[in-house]
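Here it is, written out as structure tokens:
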């Protein structure tokens, strides 16, 4: 956390290596959020680049008193994802659950047998497909809690809603995912 | 507890955030309701799957692309530019060659007596180099010679040899002065040229030569007559 603050100060001082290091530390997490939210690798890459360009341009607006850099970054990423979702909602074709399968971005778990690896891959694909079916509010809450492991307070800061609302969204998101996965299994 | 209430508390139960009373109620309902039990298992599985899922791999070119879009093409630092310029010259053979050149030049400059702080055009004349190198060589030789002879062990050995030489010279001179014994042949007819013999021995030698010549007065008549009688 203090390391991030020090890097931000150096970035604002014009030190490009500090920006490069900041990028290398946080790029993968932001890409993961974008990928979980969109379900598409190429789209997630474009969104990641746009998010970091926005972060670079608005870095001086970051206030350490209001939270960690990671929280601020997640907020910028989330806002950009929501804007993107609203912009592209009309272009998005409503597809069935089976059409959303086939995201092969993730590596199969090492050390497991071939059957287990196939099952794991199928499970990941189904999970992502089910995630795509959630509403954006529940989806972002579940991603931040169960994929990024943020606590409720931090998620509340990122989403700009009370903690109670965060808990409610996460719970409903999980219930919906459970029902969707059960349907896919059957 | 109703089904709806249980649904609303599933996440809190799984994360251990329910108080004791609510937790007991929850577990009691789950124990009696297969549907809610299945729901609980399903939600637990979702949490496990989500947390087991690894972050997707980031394309390696994406970071470079973002850097290009933000700070532009990365300009090499001054150190990197210098390192790139010096890199071909940092090979071992080049470094060795340069070092030997500098070493050789310093030897030549030192031998030629060139003072770089007071450099003049005359210092570039090869005759000057030869002259100075010759002078330096002689100086070095003289110093070495002085150093050698100043060594205590050398001094001791030389003085000892000198003493032995003197003793042997005295002994041979003493044996040659006794009568009936052949005298030691002198290197010159006028007498001995050994300057290291004491003066009294030299006088004695000269007296012996004088007595052998006629018309010369000796110190005592008896010795003279005896010798004269011998001579006649």
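Protein chains in written order, with our numbering: chain G, 521 to 706; chain P, 12 to 243.
Quick reminder that beta carbons are idealized off the backbone N, C-alpha and C, glycines included.
Task: Integer Cβ distance of residue 51 of chain P from residue 547 of chain G, believed to fall under 8 Å - done: Here residue 51 of chain P is taken as the residue at index 40 of the second chain, counted from 1. Here residue 547 of chain G is taken as the residue at index 27 of the first chain, counted from 1. About 37 Å; that fails the 8 Å criterion.
Task: Under 7 Å (Cβ pairs) to chain P, residues found in the stretch 526-538 of chain G - done: 536
Open item on the list: Taking beta-carbon pairs under 8 Å, can you tell me which members of the stretch 643-677 of chain G lie near chain P?
Closed with: 643, 644, 647, 662, 666, 667, 669
Open item on the list: Judging by CA-CA distance, which residue of G:551, G:665, G:556, G:633 is the nearest neighbour of residue 646 of chain G?
Closed with: Taking the first chain and counting its residues from 1, the one referred to as residue 646 of chain G is at position 126. Checking every option, the nearest Cα to that of residue 646 of chain G belongs to G:556.
- [ ] Would you grab the beta carbon distance between residue 82 of chain P and residue 536 of chain G for me? Rounded to a whole angstrom, and I think it's under 8 Å.
- [x] Along the second chain, read from residue 1 onward, the residue named residue 82 of chain P stands at position 71. Along the first chain, read from residue 1 onward, the residue named residue 536 of chain G stands at position 16. Rounded, the Cβ-Cβ distance is 5 Å, consistent with contact.
- [ ] Please list, in chain order, all residues of the same chain as residue 144 of chain P whose beta carbon is under 8 Å from its beta carbon, the five residues on each side excluded.
- [x] For this step, residue 144 of chain P is matched to residue 133 along the second chain. Cβ neighbours of residue 144 of chain P beyond the five flanking positions: 122, 123, 124.
Open item on the list: Check whether the stretch 646-658 of chain G and the stretch 692-706 of chain G touch, using three or more Cβ-Cβ pairs below 8 Å as the test.
Closed with: yes
Open item on the list: Looking at residue 657 of chain G: is its Cβ nearer than 7 Å to the Cβ of residue 61 of chain P?
Closed with: Residue 657 of chain G sits at position 137 when you count from the first residue of the first chain. Residue 61 of chain P sits at position 50 when you count from the first residue of the second chain. No.
Task: Same chain, Cβ closer than 6 Å to residue 54 of chain P, five either side skipped, listed in chain order - done: As a working mapping, residue 54 of chain P is identified with position 43 in the second chain. If we look at residue 54 of chain P and ignore the five residues flanking it on each side, its Cβ neighbours are 21.
TODO: Answer yes or no: does any C-beta atom of chain G fall closer than 7 Å to that of residue 60 of chain P?
DONE: On the second chain, position 49 is the one that residue 60 of chain P refers to. Closer than 7 Å: yes.
Task: 8 Å Cβ cut-off: residues of chain P touching residue 545 of chain G - done: Locating residue 545 of chain G in the first chain gives position 25, where the first residue counts as 1. Simply none; closest approach about 11 Å.
- [ ] Return the residues of the stretch 566-579 of chain G that lie within a Cβ-Cβ distance of less than 8 Å from chain P, sorted by chain order.
- [x] 568, 569, 572, 573, 576
Task: Cβ-based contacts, 8 Å cut-off: residues of the stretch 550-563 of chain G near chain P - done: 551, 552, 555, 561
Task: Residue burial classification, residue 75 of chain P (beta-carbon count within 10 angstroms, cutoff 16) - done: On the second chain, residue 75 of chain P is found 64 positions in, with the first residue counted as 1. Burial call: exposed.
Open item on the list: With distance defined between alpha-carbon atoms, name the residue in P:65, P:24, P:47 nearest to residue 14 of chain P.
Closed with: By 1-based counting over the second chain, the position of residue 14 of chain P is 3. Ranking P:65, P:24, P:47 by Cα distance to residue 14 of chain P puts P:47 first.
Open item on the list: Pairs of beta-carbons, one from the stretch 567-578 of chain G and one from the stretch 594-611 of chain G, closer than 8 Å: are there three or more?
Closed with: yes
Open item on the list: Beta-carbon within less than 8 Å of residue 532 of chain G's beta-carbon, same chain only, minus the 5 sequence neighbours each way: which residues are those?
Closed with: Locating residue 532 of chain G in the first chain gives position 12, counting from the first residue. Answer for residue 532 of chain G: 579, 580, listed in chain order.
Task: Partners in chain P for residue 540 of chain G, counting only beta-carbon separations shorter than 7 Å - done: As a first step, residue 540 of chain G is located in the first chain; it is residue number 20 there, counting from the start. Within chain P, the residues near residue 540 of chain G are 78.
Open item on the list: Using the three-state DSSP reduction, which class does residue 99 of chain P fall into: helix, strand or coil?
Closed with: Working through the second chain from its first residue, we reach residue 99 of chain P at position 88. Residue state, collapsed to three classes: helix.
TODO: Quick one: grab the DSSP three-state call for residue 580 of chain G.
DONE: Taking the first residue of the first chain as position 1, residue 580 of chain G is located at position 60. DSSP places residue 580 of chain G in helix when its eight states are reduced to three.
TODO: Kindly confirm or deny that the stretch 674-693 of chain G and the stretch 582-599 of chain G touch, where touching means at least three C-beta pairs closer than 8 Å.
DONE: yes
Task: Chain-order list of residues whose beta-carbon lies under 7 Å from that of residue 140 of chain P (same chain, five-residue window excluded) - done: Your numbering for residue 140 of chain P matches position 129 in the second chain. The answer, listed in chain order, is 123.
TODO: Rounded to whole angstroms, what's the CA-CA distance from residue 192 of chain P to residue 179 of chain P? Just pull it up for me.
DONE: Here the question's residue 192 of chain P lines up with position 181 in the second chain. Here the question's residue 179 of chain P lines up with position 168 in the second chain. Because residue 192 of chain P carries a pLDDT of 49, less than 50, the predicted location of this residue cannot be relied on, and no value is offered for it.
Open item on the list: Would residue 69 of chain P pass as an interface residue toward chain G - the criterion being a Cβ-Cβ separation below 7 Å?
Closed with: Taking the first residue of the second chain as 1, we reach residue 69 of chain P at position 58. At least one chain G Cβ lies under 7 Å of residue 69 of chain P.
- [ ] Ignore the nearest five residues each way along the sequence and tell me which others in residue 670 of chain G's own chain have a CB closer than 6 Å to its CB.
- [x] Here residue 670 of chain G refers to the residue found at position 150 when the first chain is read from its first residue. 664, listed in sequence order.
Open item on the list: Here's the rule: buried if 16 or more other CB atoms are within 10 angstroms of the residue's CB, otherwise exposed. What is residue 132 of chain P?
Closed with: As a first step, residue 132 of chain P is located in the second chain; it is residue number 121 there, counting from the start. So residue 132 of chain P ends up on the exposed side.
Task: Which of helix, strand or coil DSSP assigns to residue 640 of chain G - done: Numbered from its first residue, the first chain carries residue 640 of chain G at position 120. Reduced to three states, the DSSP call for residue 640 of chain G is helix.
Open item on the list: With a threshold of 7 Å between beta carbons, is residue 53 of chain P in contact with chain G?
Closed with: As a first step, residue 53 of chain P is located in the second chain; it is residue number 42 there, counting from the start. Closer than 7 Å to some Cβ of chain G, the Cβ of residue 53 of chain P qualifies, so yes.
Task: Contact set between residue 698 of chain G and chain P, taken where Cβ atoms lie within less than 8 Å - done: If you number the first chain from 1, residue 698 of chain G lands on position 178. Result: 50, 53, 54, 56, 57.
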